[in-house]
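Participant:
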Amino acid sequence: MNSKNNPQKNVLITGGTRGIGFEFTKQFLRMGFFVVTASRTPFTSPELQQLKDQYDNRLIIQNLDVSEEESRQKIFEKLIEKINHLDILINNAGIASGNEKFRYRFGELNQVDLCRSLLVNAVAPLLITEKFFPLLAKSTNPIVVNISSNSGSITKKRGNGSTGYGYSSSKAALNMFTKMLSFELKEDKIIVVSFHPGWVKTTMLYCENAPLEARDSVQGMISIIESLELKDSGKFLDWQGNELPW
Ligand SMILES: NC(=O)c1ccc[n+]([C@@H]2O[C@H](COP(=O)([O-])OP(=O)(O)OC[C@H]3O[C@@H](n4cnc5c(N)ncnc54)[C@H](OP(=O)(O)O)[C@@H]3O)[C@@H](O)[C@H]2O)c1
4 MNSKNNPQKN VLITGGTRGI GFEFTKQFLR MGFFVVTASR TPFTSPELQQ LKDQYDNRLI
64 IQNLDVSEEE SRQKIFEKLI EKINHLDILI NNAGIASGNE KFRYRFGELN QVDLCRSLLV
124 NAVAPLLITE KFFPLLAKST NPIVVNISSN SGSITKKRGN GSTGYGYSSS KAALNMFTKM
184 LSFELKEDKI IVVSFHPGWV KTTMLYCENA PLEARDSVQG MISIIESLEL KDSGKFLDWQ
244 GNELPW
């Protein structure tokens with residue numbers, strides 16, 4: 004077991020199979036971290052399997068559906084056998100709409116679809132943070148990173164665009180959870196921030212032709228994560244470190 008006396012740094016990345024999450028997995032491994040990466044279908048990614056071959060003793064690949072309490076509990080129980088502190092939690096798993104294929108427009112809004120976006124993108128990261136609190140509290144410099152979006156900024160909203168009611172409101176809710184957790188966890192010296200990663204080319208709906216490479220976005224976010232101090236807790240930042248309006 005990787006203990007607190009050991010300088011080994013541990014990170015958990017939700018949605019680490021593809022896109023931004025996969026890039027976090029890769030870059031933290033290169034930096035020497037002990038990485039746990041998790042999603043609903045983690046064993047379908049040949050790229051992730053290649054990383055496993057390369058970094059076997061520092062990479063755990065785990066099944067996780069962030070929206071299921073049983074699944075969240077299972078990964079927690081599995082991890083307490085492997086690590087006794089968690090330095091960084093990256094709440095990255097997210098969906099562009101409830102059905103992950105298209106967004107319903109006003110006039111045909113769908114309750115199940117809207118609730119699914121809110122559950123996966125906002126409620127789940129809050130509950131995962133709560134679940135992993137005991138391990139975060141044992142780190143000497145714990146950080147929770149919520150991967151949000153500028154679509155969740157109420158101040159910056161200029162029109163409905165294509166980001167959808169479910170997606171935008173879920174990221175606004177996630178931002179509120181970031182702010183509230185920053186107060187809740189202050190005494191425990193746990194830093195909590197929201198990040199807008201930029202518009203990044205990934206497998207997410209509407210992101211196939213985005214201008215920013217995941218490598219560059221994640222490199223930017225990691226360099227900011229490394230420099231975070233307690234006074235930064237509760238901030239909403241972009242991948243270049245600029246503070247964004249709520
Ligand atoms: N790309 C952009 O331009 C952009 C902009 C702003 C914000 N973001 C945010 O960045 C984060 C990552 O997005 P991305 O662009 O990298 O998307 P992506 O390529 O679609 O990857 C999403 C990841 O989340 C996982 N996931 C989805 N639902 C899950 C669930 N219920 N439980 C566990 N894992 C789940 C997926 O794996 P499985 O399918 O195997 O579960 C996948 O690994 C999201 O929170 C997104 O909102 C992205």
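Quick note: the sequence shown uses the numbering used here, first residue 4, plus one each step. Glycine residues also receive a C-beta, built at the ideal position from the N, C-alpha and C atoms.
Could you check if residue 165 is buried or exposed, using at least 16 other CB atoms within 10 Å of its CB as the buried criterion?
Facilitator: For the purposes of this step, residue 165 is taken as the residue at position 162 of the sequence shown. Per the 10 Å Cβ criterion, exposed.
Participant: How would you label residue 220, buried or exposed, when you count the other beta carbons within 10 angstroms and need 16 or more for buried?
Facilitator: Position 217 of the sequence shown holds residue 220. With 16 or more other Cβ atoms within 10 Å, it is buried.
Participant: Just how far apart, CA to CA, sit residue 19 and residue 154?
Facilitator: In the sequence shown, the residue the question calls residue 19 occupies position 16. In the sequence shown, the residue the question calls residue 154 occupies position 151. Rounded to whole angstroms, residue 19 to residue 154 spans 22 angstroms at the Cα level.
Participant: Is residue 55 near ligand 1, judged by its Cβ being under 8 angstroms from some heavy atom?
Facilitator: As a first step, residue 55 must be located in the sequence shown, where it is residue number 52. No, the Cβ of residue 55 stays beyond 8 angstroms of every heavy atom of ligand 1.
Participant: Hey, residue 11 and residue 37 are a contact pair by Cβ (cut 8 angstroms); roughly how many whole angstroms apart?
Facilitator: Reading the sequence shown from its first residue, position 8 is the one you call residue 11. Reading the sequence shown from its first residue, position 34 is the one you call residue 37. Going by Cβ atoms, the distance from residue 11 to residue 37 rounds to 5 angstroms, so yes, they are a contact pair.
Participant: Taking 9 angstroms as the cut-off, decide whether the C-beta atoms of residue 193 and residue 145 are in contact.
Facilitator: The residue given as residue 193 occupies position 190 in the sequence shown. The residue given as residue 145 occupies position 142 in the sequence shown. In this structure, residue 145 lies closer than 9 angstroms to residue 193 by Cβ.
Participant: Return the first residue and the last residue of the beta strand (DSSP E) that residue 147 is part of.
Facilitator: By 1-based counting over the sequence shown, the position of residue 147 is 144. 146-150 is the span of the beta strand (DSSP E), which, as asked, contains residue 147.
Participant: Grouping DSSP H, G and I as helix and E and B as strand, with all else coil, what is residue 78?
Facilitator: The residue labelled residue 78 in the question sits at position 75 within the sequence shown. The answer is helix: DSSP assigns residue 78 an H, G or I state.
Participant: Residue 203 bridges to which residues according to DSSP?
Facilitator: For the purposes of this step, residue 203 is taken as the residue at position 200 of the sequence shown. Residue 203 pairs with 215.
Participant: With respect to the beta strand (DSSP E) encompassing residue 46, which residues constitute its N-terminal and C-terminal limits?
Facilitator: What you label residue 46 is simply residue 43 of the sequence shown in a count that begins at 1. Run containing residue 46: none; DSSP gives neither H nor E here.
Participant: Rounding to the nearest angstrom, what Cα-Cα distance links residue 208 and residue 162 in this structure?
Facilitator: Within the sequence shown, numbered from 1, the residue matching residue 208 stands at position 205. Within the sequence shown, numbered from 1, the residue matching residue 162 stands at position 159. Each residue's alpha carbon lies about 19 angstroms from the other.
Participant: Find the nearest neighbour of residue 82 within the set 106, 70, 203 and 40, judged by alpha-carbon distance.
Facilitator: Here residue 82 corresponds to residue number 79 of the sequence shown, with the count starting at 1. It is 40.
Participant: Where does residue 113 sit, in a helix, a strand or coil, going by DSSP?
Facilitator: Here the question's residue 113 lines up with position 110 in the sequence shown. Three-state DSSP puts residue 113 in coil, outside helix and strand.
Participant: May I ask you to check if the CB of residue 115 is nearer than 8 angstroms to at least one heavy atom of ligand 1?
Facilitator: The residue labelled residue 115 in the question sits at position 112 within the sequence shown. No, the beta carbon of residue 115 sits no closer than 8 angstroms to any heavy atom of ligand 1.
Participant: Give me the Cα-Cα distance between residue 199 and residue 247, rounded to the nearest whole angstrom.
Facilitator: Translated into positions along the sequence shown, residue 199 becomes position 196. Translated into positions along the sequence shown, residue 247 becomes position 244. Their backbone Cα atoms lie some 8 angstroms apart in a straight line.
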